[in-house]
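FYI, the working numbering numbers position 198 of the sequence shown as 198, with every residue one higher than the one before it.
Note that beta-carbon positions come from the ideal geometry of N, C-alpha and C, so glycine has one too.
Down below is the structure, laid out as structure tokens.
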Amino acid sequence: MKGWARLCCASVLAIAAPAFGQEEDEAYGQLAGQRIVIVTARRVPEAQDKVPISLVRLDRNDLERRGIDALADLAGAVPNLTMPTVGAFGARQPIIRGVFSPIGASTVGLYVDDVPVQIRSLEVAGNPDLRRFDLERVEVLRGPQGTLFGADSMGGTIRTLTRQPQLEGMDAQISGEAAAVRGGGLTREMQAALGSAILPGRIGARVSAYYRRDAGVIDRFDPASGALLTKNVDHGAALGLRLAVKAAPSERLELTPSLFYQRTERGDLPFHESTLGRFRQSATLRQPGRDRFLLPSLTARLDLGGATLTSVTAWLDRRNRQIVDYSGFFGEIVLGGAVPGIRTPGGSYSRTTVGQRNFTQEVRLASGAEGAVRWLIGGFYGRSRIVMEQRVVEPGIADLAQSQLGLSIEEIFGLPLLPGGQSYHSRQQIGERTLAAFGQASWALAPRWEVTAGLRVSHNPLSFRLMSEGPFAGGSNAVGPRRQSGTPVIPHASLSWRPADDSLVYLSAGKGFRSGGTNGAVPAASCAADLSAMGRIAAPDSYDSDSLWSFEAGVKAGFPAQGFHLSLAAFRIDWERIQQSVSLPNCGFSYVDNLGTARNRGVELAVQAEPLRALKLDFSLGFVDARFRRDVGLAGAGSIVAAGDRVPYVPRWSGTLAAEYGFVLPGRVDGFIRSEWRHAGRYRRAPSPRSVAYDPRVYAGEGSDLLFLRVGLGRDGWQLSAFADNLLDSRAVLYRNAELVPVTGSPLREMAQRPRTIGLSASIGL
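This is how it looks when you write it as structure tokens:
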């Protein structure tokens with residue numbers, strides 16, 4: 001609890017201010033002279049305090065003030081939401097309320113407006129790294145949201161909602177940022193947006209653009225001489241473009257076609273080596289990556305009088321490419337670490353390409369906001385195709401094998417290298433279809449009482465194909481087509497009571513579901529020893545679906561006259577047949593299986609207070625205890641998980657404490673000072689020391705504490721701010737991985753918190 005003591009002291013001493021120049025828009029409403037906050041967590045606009053869901057809403061001013069630029073930055077700002085880096089390829093995995101699995105279908109839904117964009121966990125490419133780019137707001141919905149958002153939302157849903165074109169008036173904004181990272185380079189960012197009515201009342205358009213170049217902090221050294229090769233090798237860049245047009249051909253019909261394009265690049269992975277110290281690495285080869293994301297969509301809304309019909313059609317085309325250094329792989333896997341530090345002459349690398357193409361069509365009909373009964377019904381169709389190709393290129397291992405073992409590659413594996421010096425080549429295709437019908441109804445059964453019930457029924461067939469070849473694949477293998485399907489039924493119900501206009505008490509229960517899948521080829525020959533130790537002759541062909549039930553009780557209470565608001569939620573989640581990856585430590589392969597059950601219990605608390613007119617305090621806290629409930633063992637090989645083991649990568653405590661103080665300078669210039677402390681507790685990277693996944697080098701995950709400070713001035717549409725992120729320059733290690741060095745004590749791949757960053761930002765709007 002020492003981190004919380006520092007948190008309280010630092011934030012109480014700091015001061016900050018309410019937002020100045022904040023626009024009134026469709027995300028806010030008016031009630032009895034007071035502004036109310038609007039969300040669309042249940043797919044219709046309604047006041048946030050009337051929604052029986054534990055949620056966090058951050059508008060564009062919140063995102064800018066809190067320094068949230070990328071999707072991963074949300075994790076520090078939202079309790080019980082984490083996004084750890086999992087696996088050797090740097091993919092980040094969102095976790096809400098401890099519902100974590102490193103493989104299989106996603107446990108958290110990710111939406112751009114009304115379009116799902118998440119991807120299956122492939123341990124290579126994670127979800128697209130969405131940026132704070134012309135956003136209206138972000139909504140983080142905790143707990144299973146499958147009734148309205150589908151099977152991939154069993155832990156929760158993250159919704160990014162973009163700014164929409166207006167049919168009246170014009171607005172424009174341009175902003176920039178420059179920041180220096182301690183020990184690194186310079187970060188630069190530019191954003192511009194223009195929205196205008198083209199034909200007032202009938203046609204409006206909005207166009208925006210974004211470019212950001214993030215400073216690198218990792219220096220690369222020559223592995224042989226130790227000489228510095230490149231400074232700040234892990235720099236990154238992001239480019240975004242968005243275009244949307246809104247047309248109202250009649251008073252009842254509204255059409256909004258839009259196009260969203262984003263491309264992100266990295267110069268190298270942001271990992272350093274444990275033996276070299278912070279922010280230093282000696283990879284033989286550079287490890288660049290690129291991710292391209294294209295999302296055209298069409299939204300149509302038709303006012304039918306007593307109901308609104310909405311249709312959302314979208315096509316997602318994404319391509320992720322990256323290179324990871326494998327120069328030490330042969331020495332670890334084949335030579336068993338007998339010659340520590342040995343690397344392939346000329347270097348070797350893994351080149352992966354992941355292509356994702358999704359077509360989605362949703363149609364829903366929602367009743368009006370008035371009346372004792374409000375309802376929503378809809379249908380959803382989705383078609384997804386993911387193609388992942390991996391090539392491990394290492395022509396130098398032929399000379400290495402000859403010099404170390406006196407044998408050729410063919411004599412060692414019984415197979416020669418593939419053309420181009422490839423030791424492994426694979427191509428897998430995953431095709432999924434979803435056909436679903438859903439509905440939800442809310443009934444005001446008595447004054448101040450409301451009951452809500454919803455149901456989703458879907459059919460989810462999946463097909464899988466895999467081709468692999470090369471010495472490390474044990475020859476040529478073809479798997480599939482393997483097929484699997486399920487027809488899940490996902491219910492949800494809640495009961496809420498409003499003791500006063502500004503208060504809500506609720507109980508809810510809901511089911512979450514995640515479809516199963518199939519495993520790729522695990523070579524029985526080279527993995528025979530690992531499989532035998534686990535009591536298997538071969539890896540299973542497939543794994544089943546998993547599901548959970550969530551039970552939640554919550555309170556939301558507002559006291560506007562006293563400037564005080566509180567929300568509190570307590571939950572229990574029972575998770576069955578969890579999809580988890582089983583690693584085969586000596587042959588470098590893995591497979592997926594269903595590994596027992598878990599129970600997650602916790603709370604979420606948020607308090608906002610205004611003890612003084614110009615002073616705002618904001619405190620949020622999350623606690624989750626996520627533990628396996630049953631023993632899952634392997635014959636002669638110990639335990640995968642045991643009852644009482646903690647779910648990996650889930651900190652028990654997380655939270656924030658912030659203070660804002662506002663002031664007015666001569667000339668009617670508004671100013672603010674804001675300070676925020678963020679805390680995330682310790683976690684584990686394996687269930688326990690008894691688990692076969694236990695590795696003492698990486699087991700313990702450090703907690704982290706970050707302090708942010710921001711000072712700003714503004715008037716008549718312009719704003720100027722100075723900021724310091726990670727003001728105390730914390731260097732906690734957030735990532736530690738030994739997947740490419742599983743045998744010896746070779747250097748581990750690590751990632752520390754980004755060093756202190758100090759910068760300026762400016763914007764002007766019309």
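CB of R749 within 8 Å of CB of A125, strictly: Within the sequence shown, residue 749 is the residue found at index 749, counting from 1. Within the sequence shown, residue 125 is the residue found at index 125, counting from 1. Not in contact: R749 and A125 (Cβ atoms no closer than 8 Å).
Close Cβ partners of R92 (< 6 Å) along its chain, the five nearest in sequence each way excluded: Within the sequence shown, residue 92 is the residue found at index 92, counting from 1. Here the set comprises A72, M83, T85, G126.
Element boundaries [beta strand (DSSP E), containing D399]: Against the sequence shown, residue 399 aligns to sequence position 399. Counting along the chain, D399 falls outside any beta strand (DSSP E), though it belongs to the alpha helix (DSSP H) covering 397 to 405.
Whether G717 touches L766 by CB criterion (8 Å): As a first step, residue 717 is located in the sequence shown; it is residue number 717 there, counting from the start. As a first step, residue 766 is located in the sequence shown; it is residue number 766 there, counting from the start. Yes.
Neighbourhood of A437 by C-beta, 6 Å cutoff - its chain only, sequence neighbours within 5 removed: As a first step, residue 437 is located in the sequence shown; it is residue number 437 there, counting from the start. Counting only Cβ-Cβ distances below 6 Å, and skipping sequence neighbours, we find G379, V457.
Cut-off 6 Å between Cβ atoms - residues of its own chain near I377, not counting five sequence neighbours on either side: On the sequence shown, position 377 is the one that residue 377 refers to. Excluding sequence neighbours, I377 sits near L365, G439.
Any chain D beta carbon closer than 8 Å to E676: Of the chains in the structure shown, none is chain D; there is only one protein chain.
Q608 versus F564: straight-line alpha-carbon distance, rounded: Working through the sequence shown from its first residue, we reach residue 608 at position 608. Working through the sequence shown from its first residue, we reach residue 564 at position 564. Roughly 6 Å between the two C-alpha positions.
From R684, A172, L239, R448, residue whose alpha carbon lies closest to that of L189: For this step, residue 189 is matched to residue 189 along the sequence shown. Note on identity: in this sequence residue 189 is Glu, with Leu being the wrong assignment. Looking at the Cα atoms, L239 is the closest of the given residues.
Span separating the alpha-carbon of F513 from that of L335: As a first step, residue 513 must be located in the sequence shown, where it is residue number 513. As a first step, residue 335 must be located in the sequence shown, where it is residue number 335. Cα-Cα distance, rounded: 43 Å.
Stretch-stretch touch, CB-based, cutoff 8 Å, three pairs: the region 694 to 702 with the region 223 to 242: no
Residues that I68 bridges to, as DSSP identifies them: The sequence position of residue 68 within the sequence shown is 68, counting from 1. For I68, which the question treats as bridged, DSSP gives no partner whatsoever.
Unbroken beta strand (DSSP E) run spanning A529, endpoints: Residue numbering aside, residue 529 sits at position 529 when the sequence shown is read from its first letter. Where A529 is concerned, there is no enclosing beta strand (DSSP E), although the alpha helix (DSSP H) it sits in stretches over 528 to 533.
Nearest-angstrom beta carbon gap, V140 and L74 [assumed within contact, 8 Å]: Translated into positions along the sequence shown, residue 74 becomes position 74. Translated into positions along the sequence shown, residue 140 becomes position 140. Confirmed, Cβ separation roughly 7 Å.
Cβ distance (whole Å) where Q356 is taken to contact I119 below 8 Å: Counting from one through the sequence shown, the residue named residue 356 turns up at place 356. Counting from one through the sequence shown, the residue named residue 119 turns up at place 119. About 6 Å separates the two Cβ atoms, so the contact holds.
6 Å Cβ shell around S688 - same chain, five flanking residues per side excluded: For the purposes of this step, residue 688 is identified with residue 688 of the sequence shown, where counting begins at 1. Cβ within range, chain order: D645.
Inter-stretch contact at 8 Å, needing at least 3 Cβ pairs: the region 215 to 229 / the region 197 to 207: no
Given S583 as reference, the closest of R577, V592, G289 once Cα atoms are compared: Mapped onto the sequence shown, residue 583 falls at position 583. The option with the nearest alpha carbon to S583 is V592.
Cβ-Cβ distance between L194 and A172 below 8 Å: Looking up residue 194 in the sequence shown gives position 194. Looking up residue 172 in the sequence shown gives position 172. Yes, they are a contact pair.
Three-state secondary structure (DSSP) of A227: On the sequence shown, residue 227 is found 227 positions in, with the first residue counted as 1. A227 falls in the coil class under three-state DSSP.
Beta-carbon spacing of V56, V39 below 8 Å: Locating residue 56 in the sequence shown gives position 56, where the first residue counts as 1. Locating residue 39 in the sequence shown gives position 39, where the first residue counts as 1. Cβ atoms of V56 and V39: not closer than 8 Å.
Beta bridge counterpart(s) of R351 as assigned by DSSP: As a working mapping, residue 351 is identified with position 351 in the sequence shown. Paired residue(s): I323, R391.
Closest residue to P481 among P461, S567, A473, A500 (Cα-Cα distance): Position 481 of the sequence shown, counted from the start, is the residue given in the question as residue 481. Residue P461 is the option with its Cα nearest to P481.
Cβ-based neighbour list, R770, same chain, cut-off 6 Å, excluding 5 preceding and 5 following: In the structure displayed, the chain extends from 1 to 766; residue 770 sits before or after that span and is not available.
Through-space distance from G554 to R498, alpha-carbon basis: Taking the sequence shown and counting its residues from 1, the one referred to as residue 498 is at position 498. Taking the sequence shown and counting its residues from 1, the one referred to as residue 554 is at position 554. Computed Cα separation, rounded: 12 Å.
Residues near I537 in its chain [Cβ-Cβ closer than 8 Å; skip 5 each side]: Stepping through the sequence shown from its first residue, residue 537 is reached at position 537. So the qualifying residues of the chain are A524, L531.
Nearest-angstrom beta carbon gap, A180 and G759 [assumed within contact, 8 Å]: Within the sequence shown, the letter at position 759 stands for residue 759. Within the sequence shown, the letter at position 180 stands for residue 180. About 7 Å; that satisfies the 8 Å criterion.
Whole-Å CB distance - N586 paired with Y543, under 8 Å assumed: The count along the sequence shown starts at 1 and reaches residue 586 at position 586. The count along the sequence shown starts at 1 and reaches residue 543 at position 543. With a Cβ gap of about 22 Å, N586 and Y543 do not count as contacting.
First and last residue of the uninterrupted alpha helix (DSSP H) at A77: By one-based count along the sequence shown, residue 77 stands at place 77. Run containing A77: 74 to 77, per the alpha helix (DSSP H) assignment.
Where D25 falls: helix, strand or coil (DSSP): Stepping through the sequence shown from its first residue, residue 25 is reached at position 25. Note that D25 scores 43 on pLDDT, short of 50, meaning its location in the model is unreliable and no value can be drawn from it.
CA nearest to the CA of D618, picked from F359, S675, L707, R652: Locating residue 618 in the sequence shown gives position 618, counting from the first residue. The residue with the shortest Cα to Cα distance from D618 is S675.
Burial state of S250 (16 or more Cβ within 10 Å): Here the question's residue 250 lines up with position 250 in the sequence shown. Classification for S250: exposed.
Three-state class that DSSP yields for F149 in the structure shown: As a position in the sequence shown, residue 149 is number 149, starting the count at 1. Helix, per DSSP.
Reference A307; option with closest CA among R374, A197, Q164: Here residue 307 is taken as the residue at index 307 of the sequence shown, counted from 1. Here the closest residue by C-alpha is R374.
Straight-line gap, L778 to R137 (C-alpha atoms, nearest Å): Nothing about residue 778 can be reported from this structure: the residues present for the chain run from 1 to 766 only.
Neighbour-count burial assignment, A178, 16 or more Cβ in a 10 Å radius: Start at 1 with the first residue of the sequence shown, and residue 178 comes out as number 178. By the 10 Å Cβ count, A178 comes out exposed.
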